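Residue numbers for the sequence shown follow the UniProt record's numbering, beginning at 1 and rising by one. Beta carbons: idealized from backbone N, C-alpha and C, even for Gly. This structure is a prediction, so every number in the text was calculated from the model and none was measured.
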Amino acid sequence: MKTMFPKTLFPKTPSPKAACRIVFIAILGCVAAGAAVAEIFIYRYVNEDGVKVINHFIPPEFAQKGYEVLNRSGEVVKVVQPAVSKEEAAQREKVRVEQEALARWDKSLRRRYSTVGDIEAAKERKLGQLNANMSLLRTNITGLREELETHQSRAANLERAGRFIPQSLLTNIRNLKSELEHTKAQVIQREAEYDEVAAKYDRDIERFKEIAVN
């Protein structure tokens, strides 16, 4: 990549080597005249044509693309990286969050388990608990259905006989229907939880195998 110097620094076009000497002398001389005791810096950046430019200031539109700070000897003392776009910043943040989450997961696995067998045993225990809970709920559903059928049969018999159906009986029927639907929903919820837990432990097992190698 070529290095370019501002045209205003030269009355005519010198040779490249002479240009370097002139621009350094001119820039450093001007800066030194204003602040003899101050540290002298100049800047090198890339312009819109892709050419490197050395000057005592940087236009804002080029500063955003990154630049180098040079000392009086022309040595690079600092490199300023290009400013990242909003999209790049968002992507970096996403990667950072994912890496932190992965690190927490790995730490948790190492703290809780020593072998894959430990995870498999924990999975079996948890799924066993969910199975027991679902069995209890299904038993409750059977009991609720039987009780509901009994109450409904009694109400039907009273209606066929033209007799008054007690409000308490109607209330019981309504409550039993509500409880039955609620219990059915709990079973569906537990079934979904069962699948989620099984999948989670399977992921833990696969991840533990990966980190155990390292």
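Query                                                                                                                                                      : Result
Give a yes or no on contact between the segment 112–129 and the segment 200–210, applying the rule of three or more CB pairs nearer than 8 Å.              : yes
Restricting to Cα atoms, I'd like to know which of Ile205, Leu136, Lys209 and Gln64 is closest to Gln81.                                                   : Gln64
Using CA coordinates, which residue listed in Arg96, Pro166, His151 and Leu102 is at the minimum distance from Lys177?                                     : His151
When the Cα atoms are used, what is the spatial distance from Thr8 to Asn55?                                                                               : Summary for Thr8: the model assigns pLDDT 49, below 50, so the residue's position carries little reliability; its value from the coordinates is reported in the next sentence. Going from the Cα of Thr8 to the Cα of Asn55 covers about 11 Å.
I believe Val77 touches Val84 by the beta-carbon criterion, under 8 Å. Please report the beta-carbon distance rounded to the nearest angstrom.             : Incorrect: roughly 23 Å between the Cβ atoms, too far for contact.
Could you name the residues that DSSP lists as bridge partners for Leu176?                                                                                 : Looking at the DSSP assignment, Leu176 forms no beta bridge with any residue, so it has no partner.
Would you verify that the beta carbon of Phe164 is, or is not, closer than 8 Å to some beta carbon of chain C?                                             : Absent from the structure: chain C. Only one protein chain is present.
Check whether the segment 128–139 touches the segment 183–191, taking contact to mean three or more Cβ pairs, one atom from each stretch, closer than 8 Å. : yes
Are the Cβ atoms of Arg109 and Phe208 separated by less than 8 Å?                                                                                          : First, the residue type needs correcting, since residue 109 is Leu and not Arg in the sequence shown. Yes; because the gap between Cβ atoms is below 8 Å, this pair is in contact.
Please return the same chain residues whose Cβ sits closer than 7 Å to the Cβ of Ser153, not counting the five positions on each side in sequence.         : none
Which residues in the same chain have their Cβ closer than 7 Å to the Cβ of Gly66, if we skip the five residues on either side of it in sequence?          : Val80, Gln81 and Pro82
Can you give me the C-alpha to C-alpha distance between Thr115 and Trp105, rounded to a whole angstrom?                                                    : 15 Å
Please look up how many angstroms separate the CB atoms of Ile173 and Leu144, rounded, as I've assumed it's under 8 Å.                                     : Rounded, the Cβ-Cβ distance is 11 Å, inconsistent with contact.
In angstroms, rounded to a whole number, what distance separates the CA positions of Pro59 and Asn71?                                                      : 19 Å
So who's on the other strand from Ile42, going by DSSP bridges?                                                                                            : Leu70
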